[in-house]
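In our numbering, the protein residues as written are 4 to 300.
Backbone N, C-alpha and C define an ideal beta-carbon position, used for all residues, glycine too.
Encoded as structure tokens, the structure appears first; notes follow it.
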């Protein structure tokens, strides 16, 4: 295991344990979440070594990459994705300009396919070989390995999207530095993240599915993602809710807590979370953060 001795955002060398969460997907092991004593940022610590992280994704139930229709949760995920793909595209169109789009951690290529079909010059990066093969076979998309991120030329991208991906990357600062380099000066950065200050996170605590240790290395509050983005010359244009995520996360969390999905209870808790967020600083279960580079209106 790899011990993190400095806060990834502010550099403080002191952190305290917040809770212990279980990996419900692959290993069944327990992992600690610690919080920086200075800025409060929470991160999984210790965490697997970088060359061992891929071992914790080896499950057909990891629906971010899987296209399986086995099980109720997977079927509901695939149904909801058809709606959310179109909504993501509308969001990108509304808040950005330009035609060159990069989807980092594009999985099996579903959003990339929607972008290409809508006229974007779209490219994708994905670490999982099986997901890249699926994208090629089913969508005709040549998705590149994530290592190509370091080779992209400067000022060649108008839009970068990361849909629930940033919390998985080991080197946050490297990614933000590259965002700044490869984005056009008028470019836009879209980052979707789960929110540990949401009502569903409060209700489920250590069972909250979006902690997803150890795959989720970081657990961003709204202030955290703004803080690190500002260090690299980005300002927050807006934060948009992903309301369906609350229902899906509550369903998974119920399964973690009681070994059953409990659809009706999950639905009402998801509704409660969304209603709470309307009155409490937009603290929805997940949020899409839209960033522009400083100097843009």
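| query | result |
| --- | --- |
| Among 120, 140, 265, 56, which one has its Cα closest to the Cα of residue 111? | 140 |
| Using 8 angstroms as the Cβ pair cut-off and three pairs as the minimum, do the region 197-215 and the region 133-148 touch? | no |
| I'd like the ranges of any alpha helix (DSSP H) spanning at least 4 consecutive residues and lying wholly in the region 155-212. | 175-185, 202-207 |
| Hey, could you find the ends of the alpha helix (DSSP H) residue 226 is sitting in? | 225-234 |
| If you draw a straight line from the alpha carbon of residue 6 to that of residue 50, how long is it in whole angstroms? | 7 angstroms |
| Bridge partners for residue 296 per DSSP, in chain order? | 237 |
| Relative to the C-alpha of residue 166, which candidate in 11, 276, 128 has its C-alpha closest? | 128 |
| Can you tell me which of the three DSSP states residue 21 falls into? | strand |
| Given residue 52, which residues of its chain have a CB within under 6 angstroms of its CB, disregarding the five upstream and five downstream residues? | 5 |
| From the DSSP output, in three-state form, read off residue 15 for me. | coil |
| Return the chain-ordered list of same chain residues with a C-beta closer than 6 angstroms to the C-beta of residue 104, the five sequence neighbours on each side being excluded. | 118, 123, 125, 162 |
| Can you tell me which of 107, 180, 170 puts its alpha carbon nearest to the alpha carbon of residue 151? | 107 |
| Can you find the residues in the same chain that come closer than 6 angstroms, C-beta to C-beta, to residue 249, ignoring five residues on each side of it along the sequence? | 203, 273, 276, 277, 288 |
| Assuming the contact rule is C-beta atoms closer than 8 angstroms, residue 26 and residue 32 should be a hit. Round their C-beta distance to whole Å, please. | 5 angstroms |
| Along the beta strand (DSSP E) that carries residue 1, what are the first and last residues, could you check? | Residue 1 cannot be examined here, being either before or after the span of the chain that is shown, 4 to 300. |
| Just the C-alpha distance for residue 153 and residue 172, rounded to the nearest angstrom, thanks. | 14 angstroms |
| Per DSSP, what kind of secondary structure is residue 106 in: helix, strand or coil? | strand |
| Between the Cα of residue 286 and the Cα atoms of 39, 298, 243, 252, which residue gives the shortest distance? | 243 |
| Within 6 angstroms: the Cβ of residue 190 and any heavy atom of the ligand FAD? | By its list of ligands, the structure shown contains no ligand whatsoever, and the ligand FAD lies outside what it can speak to. |
| Tell me whether residue 23 is buried or exposed, calling it buried when 16 or more other Cβ atoms sit within 10 Å of its Cβ. | exposed |
| With distances taken Cα to Cα, identify the nearest neighbour of residue 228 among 193, 256, 211, 258. | 193 |
| Give the range of the alpha helix (DSSP H) segment to which residue 351 is assigned. | No answer is possible for residue 351: the residues shown for the chain start at 4 and end at 300. |
| Are the beta-carbon atoms of residue 160 and residue 186 separated by less than 7 angstroms? | yes |
| In terms of residue numbering, what span does the alpha helix (DSSP H) encompassing residue 134 cover? | 132-142 |
| From 102, 97, 113, pick the residue whose C-alpha is nearest to that of residue 88; which is it? | 113 |
| Have a look at 94, 48, 261, 13 and flag the residue whose alpha-carbon is nearest the alpha-carbon of residue 217. | 48 |
| Rounding to the nearest angstrom, what Cα-Cα distance links residue 156 and residue 208 in this structure? | 42 angstroms |
| For a test of the three-state rule: what should DSSP assign to residue 270, helix, strand or coil? | helix |
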